[in-house]
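Q: Numbering-wise, the sequence shown is residues 112 to 416 according to the working numbering. For each residue, glycine too, the CB sits at the ideal point set by N, CA and C. Everything numeric in this text was worked out from a predicted model, so none of it was measured.
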Amino acid sequence: MASPRVPPQYQGPPRHPAFARYLEQAEKLKRLPCCDEQPMIGHPACTWENFKRPLLRRFPFTPADISWESRLGGGVDGCVWKVKCSDQGPFAVKVFWESEPPPATRYWAFQRECQNATILQMIAAAVEQATESSPVYIHAEPTNRRDAIENLYAFFEEGRREQRLKAVSGSLPLHSTPPLRKCFGWLQISGQFLRDLKVDGMAPPILKLNLEVRREIRPDQEYFAIVYEYLPEGENNLAAVQSQLDFLWRAGFCFGLSPREENWKDGVLVDLSEIASPGQLGWTSYYGRIEAEKHLKDKSRYNLT
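(1) From L308 to E180, what does the alpha carbon distance come to, in whole angstroms?
(2) In terms of alpha-carbon separation, which member of W360, K405, Q136 lies closest to L263?
(3) Within its chain, find whatever has a CB closer than 6 Å to the CB of F266; leave out the 5 residues flanking it on each side and keep chain order.
(4) Would you call the segment 325-344 and the segment 203-213 touching, i.e. three or more CB-CB distances under 8 Å?
(5) If you measure between the beta carbons of Y341 and P201, is that distance less than 8 Å?
(6) Check whether the Cβ atoms of V165 and Q240 lie closer than 8 Å to each other.
(7) Among all the DSSP beta bridges, which residues are the ones paired with S282?
(8) Distance check for P171 and G296, CA to CA, integer angstroms please.
(9) On the criterion of 16 or more Cβ atoms from any shown chain inside 10 Å, does V381 qualify as buried, or is it exposed?
(10) With burial defined as no fewer than 16 other Cβ atoms inside 10 Å of the residue's Cβ, what is the status of H286: buried or exposed?
(11) Distance, Cα to Cα, P128 vs G378?
(12) Sorted by chain position, which residues of the same chain lie with C-beta nearer than 6 Å to N348's C-beta, five sequence neighbours on each side aside?
(13) Looking at R316: is its Cβ nearer than 8 Å to the Cβ of C190?
(14) Give me the residue from L356, G186, Q149, A387 with the minimum Cα distance to A228.
(15) Given this structure, state the Cα-to-Cα distance separating G302 from F335, to the nearest angstrom.
(16) Quick one: complete alpha helix (DSSP H) runs, 4+ long, within the segment 156-211?
(17) Say whether the segment 359-373 touches the segment 392-401, bearing in mind that this needs 3 or more beta-carbon pairs closer than 8 Å, one atom from each stretch.
(18) Assign F130 to one of two classes, buried (16 or more other C-beta atoms within 10 Å of its C-beta) or exposed (fewer than that).
(19) When burial is assigned at 16 or more other CB atoms within 10 Å of the CB, is A215 buried or exposed?
(20) Following the continuous beta strand (DSSP E) through S301, name the residue where it begins and the one where it ends.
(21) Quick one: using the 10 Å Cβ neighbour count with 16 as the cut-off for buried, is I152 buried or exposed?
(22) What does the alpha-carbon distance come out to for the pair K376 and K195?
(23) Quick check on the burial criterion: 16 or more other C-beta atoms within 10 angstroms. Buried or exposed for H199?
(24) Starting from I455, follow the alpha helix (DSSP H) in both directions and report where the run begins and ends.
(25) E269 lies in the alpha helix (DSSP H); which residues open and close that run?
Following this line, the structure appears as structure tokens:
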């Protein structure tokens, strides 16, 4: 007896070659490592090679060392808790919903934040180590990928030695950075550990993206987390936000197309998934200076229960 004929499945229209190449590049970028097993002690290495493969070092405590105080909230990328470790802290621990790269062109939030936190640590260390007579020189008004990469290069050991932009018309010497949220490393936490948090309001929430898609912490999975400086709620002073927006733009970062005021506290960017460096998935030709007032207008559209 002949087997029943299975009709061919519809594969959709053929992909444009340019999109196919972009998709291939996206998958390649998301496979790059983003974390290091070395504990976060001292400044990171600041060579150009380190920038091209930024690796966030591990948080020097384990989940068992952490005292969980309260759940602060969350969003499409992860959920955040306020914690302490012995007599240190408080800290903010962000646990990411996705433990592996998502498909297609979506960025992997854990990877992006590991890379961004590491690059910002390198930049802050470079400015701190620069002298009054030999500051970091950057393009004051970068407009494209080349400008962004040249500005980033200026922060690293090779760039500080060469000072290529010092003699360029309109270059800007940097002697300090605006307040940047400190990062203390990454760790892994079991879903069961998080589900066992018994204090009222501490259990992981369920994120409803739409009627069909939701995200939650499952007891049988391991989850990545990043430990940040805890920042209390504070007014977003426009001048402080503008100072940080300008610094990140000049450091080569591009902002996403869906900014939210909730991603800022007291004038400091707290969600490092919102930015991308020139070497990351998500850096676009929309790169340029952003007005703080316009940037803070968008509101969150997601529901945490």
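A: On the basis of the data shown:
(1) Working through the sequence shown from its first residue, we reach residue 308 at position 197. Working through the sequence shown from its first residue, we reach residue 180 at position 69. Looking at the backbone, the Cα of L308 and that of E180 are separated by about 10 Å.
(2) Residue 263 sits at position 152 when you count from the first residue of the sequence shown. For L263, the closest alpha carbon among the candidates W360, K405, Q136 is that of W360.
(3) Start at 1 with the first residue of the sequence shown, and residue 266 comes out as number 155. Within the same chain, F266 has close Cβ partners I234, A237, V247.
(4) By the C-beta criterion, the segment 325-344 is judged to be in contact with the segment 203-213, since at least 3 inter-stretch pairs fall below 8 Å.
(5) As a working mapping, residue 341 is identified with position 230 in the sequence shown. As a working mapping, residue 201 is identified with position 90 in the sequence shown. Contact flag set, yes.
(6) For the purposes of this step, residue 165 is identified with residue 54 of the sequence shown, where counting begins at 1. For the purposes of this step, residue 240 is identified with residue 129 of the sequence shown, where counting begins at 1. First, the amino acid is wrong: residue 165 is Pro here, not Val. No, they are not a contact pair.
(7) Counting from one through the sequence shown, the residue named residue 282 turns up at place 171. Partner(s): H250.
(8) The count along the sequence shown starts at 1 and reaches residue 296 at position 185. The count along the sequence shown starts at 1 and reaches residue 171 at position 60. C-alpha separation (whole angstroms): 8 Å.
(9) Taking the sequence shown and counting its residues from 1, one reaches residue 381 at position 270. Burial call: buried.
(10) Position 175 of the sequence shown holds residue 286. Residue environment analysis places H286 among the exposed positions, since fewer than 16 neighbouring C-beta atoms fall within 10 angstroms of its C-beta.
(11) Start at 1 with the first residue of the sequence shown, and residue 128 comes out as number 17. Start at 1 with the first residue of the sequence shown, and residue 378 comes out as number 267. If I take the Cα positions, the gap works out to 42 Å.
(12) As a position in the sequence shown, residue 348 is number 237, starting the count at 1. Within the same chain, N348 has close Cβ partners G378.
(13) Taking the first residue of the sequence shown as position 1, residue 316 is located at position 205. Taking the first residue of the sequence shown as position 1, residue 190 is located at position 79. In the sequence as displayed, the identity of residue 316 is Pro instead of Arg. Yes, the pair counts as a contact, with Cβ atoms nearer than the cut-off.
(14) Within the sequence shown, residue 228 is the residue found at index 117, counting from 1. Answer by Cα proximity: A387.
(15) Locating residue 302 in the sequence shown gives position 191, counting from the first residue. Locating residue 335 in the sequence shown gives position 224, counting from the first residue. C-alpha separation (whole angstroms): 10 Å.
(16) Whole alpha helix (DSSP H) segments, 4+ residues: 159-163.
(17) Pairwise C-beta distances place the segment 359-373 in contact with the segment 392-401, as three or more of them are shorter than 8 Å.
(18) Mapped onto the sequence shown, residue 130 falls at position 19. That one is exposed.
(19) Position 104 of the sequence shown, counted from the first residue, corresponds to residue 215. A215 is exposed by the Cβ-count criterion.
(20) Within the sequence shown, residue 301 is the residue found at index 190, counting from 1. Looking at the DSSP string, the run of the beta strand (DSSP E) that includes S301 is 294-301.
(21) On the sequence shown, residue 152 is found 41 positions in, with the first residue counted as 1. Label assigned to I152: exposed.
(22) Along the sequence shown, read from residue 1 onward, the residue named residue 376 stands at position 265. Along the sequence shown, read from residue 1 onward, the residue named residue 195 stands at position 84. So the alpha carbons of these two residues sit roughly 20 Å apart.
(23) If you number the sequence shown from 1, residue 199 lands on position 88. A small correction: the amino acid at residue 199 is Gln; His does not occupy that position in the sequence shown. Label assigned to Q199: exposed.
(24) The structure shown does not extend to residue 455, since the chain is modelled only from 112 through 416, so no value can be given for it.
(25) Position 158 of the sequence shown, counting from 1, holds the residue named residue 269. Looking at the DSSP string, the run of the alpha helix (DSSP H) that includes E269 is 268-273.
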